[in-house]
Amino acid sequence: MISLDECLSPHVAVMRRGRGRLEWHAVRSGRHRVRVVAWTCSCRATVYELCVSGGRAFIRRTVQAEPVAVISETAWGVPREAWEIWAALLAGGVR
Ligand SMILES: [Zn+2]
27 MISLDECLSP
37 HVAVMRRGRG
47 RLEWHAVRSG
57 RHRVRVVAWT
67 CSCRATVYEL
77 CVSGGRAFIR
87 RTVQAEPVAV
97 ISETAWGVPR
107 EAWEIWAALL
117 AGGVR
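According to our numbering, the stretch in the sequence shown is residues 27 to 121, in order.
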């Protein structure tokens, strides 16, 4: 186990049975200015980031892998919805 002093950012909970699956798409934020407003701990192979760009928000998933990380994003939506998805993601309600 990793101690709390080493991990300052949250981890996603183990996914609960029977909960939702998010749709993950290829990255479209590449040419947009994106601000990352929340993120999960990078000690895990999969890191999630809540991103905001021009009044829209989405969640970016990075699977740290060799030789290159695999990055995907949820559909862009209003920030309130993205925060709801983010909360569910951290709680293990969706993945
Ligand atoms: Zn950690």
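C-beta atoms are modelled at their ideal positions from N, C-alpha and C, and glycine is treated no differently.
Span of the beta strand (DSSP E), counted from its first residue to its last, around residue i
i	result
A114	Here A114 belongs to no beta strand (DSSP E); instead the alpha helix (DSSP H) covers P105 to A117.
W65	R61 to W65
Whole-angstrom C-beta distance between residue j and residue i, which should lie under 8 angstroms
i	j	result
A95	V89	6 angstroms
V40	G118	6 angstroms
Sheet register partners of residue i (DSSP bridge)
i	result
V89	T72 and V96
R82	S79
G46	V120
A52	S98
Reference residue i, options the options, closest by Cα
i	options	result
R106	H58, C77, L34 and C33	C77
L115	A101, V53, G46 and R57	G46
E99	L48, M41, R57 and V40	L48
Beta-carbon proximity list for residue i, same chain, < 6 angstroms, skipping 5 on both sides
i	result
T72	V89
R61	V78
Neighbour flag for residue i against chain B, beta carbons, 8 angstroms
i	result
C69	In summary, chain B is missing from the structure at hand, where a single protein chain is found.
Chain-order list of residues whose beta-carbon lies under 7 angstroms from that of residue i (same chain, five-residue window excluded)
i	result
A108	L76, A83, F84 and I85
H37	T66, C67 and R70
R59	S79
W2	Outside the displayed span of the chain (27 to 121) sits residue 2, for which this structure offers no information.
Cβ shell of residue i (< 8 angstroms), same chain only, five flanking positions each side left out
i	result
L34	C67
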